[in-house]
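Engineer: Heads up: the sequence shown at position 90 corresponds to 1028 in my numbering, and the numbers run straight through without jumps.
All C-beta atoms, glycine included, are put in the ideal place defined by N, C-alpha and C.
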Amino acid sequence: LPVVAFQCLAKLNISDDSKVESLSEIEEAFPSCSSSLQSLQIFRCNQLRSVSGGLQHLTALESLELINLRELRFDETQGQEVGEEEDHSHRGMPWRRLAQCLHSLTLWALPKVD
939 LPVVAFQCLA KLNISDDSKV ESLSEIEEAF PSCSSSLQSL QIFRCNQLRS
989 VSGGLQHLTA LESLELINLR ELRFDETQGQ EVGEEEDHSH RGMPWRRLAQ
1039 CLHSLTLWAL PKVD
């Protein structure tokens, strides 16, 4: 699909994809739906290791659900901007830039997340 197709998207579910390893693989779609996407649900993507890349564009996101992602990890620098001072209270939390808009965060069945 062309990226313009995502402009009015309010809800996106990414599920049962055994190939995607990082959201950065699809992040080119996020800027086009940045002001419309309100709900992002990612579940049963067995190779997904990282959700960094793209979340910072989703300024209208109200609900984020990360469910049953066997390989997902949040490392200490994920979501950290170049030159940004490390903030230990937000370490490894890629959704921290969404604090102004995010109302609901669901993290469930993430065995590799500490």
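Can you grab the Cα-Cα spacing for the pair R1011 / L986, in whole Å?
Structural biologist: Going by the C-alpha atoms only, they are around 9 Å apart.
Engineer: Should L1059 go down as buried or exposed, given a rule of 16 or more other Cβ atoms within 10 Å for buried?
Structural biologist: Because the chain spans 939 through 1052 in this model, residue 1059 falls outside it and cannot be assessed.
Engineer: So with Cβ pairs under 9 Å, would you call I980 a contact of chain C?
Structural biologist: The structure shown contains no chain C, having only a single protein chain.
Engineer: With a threshold of 8 Å on Cβ separation, who are the neighbours of S960 within its own chain once the five nearest residues in sequence on each side are excluded?
Structural biologist: Same-chain partners within the cutoff: L986, R987, S988, V989, S990 and G991.
Engineer: Using the rule of at least 16 other Cβ atoms within 10 Å of the residue's Cβ for burial, across every protein chain shown, is A948 buried or exposed?
Structural biologist: Counting Cβ neighbours within 10 Å, A948 comes out exposed, since fewer than 16 surround it.
Engineer: Out of curiosity, what's the CA-to-CA distance linking C1039 and H995?
Structural biologist: Spanning the two alpha carbons is a distance of roughly 12 Å.
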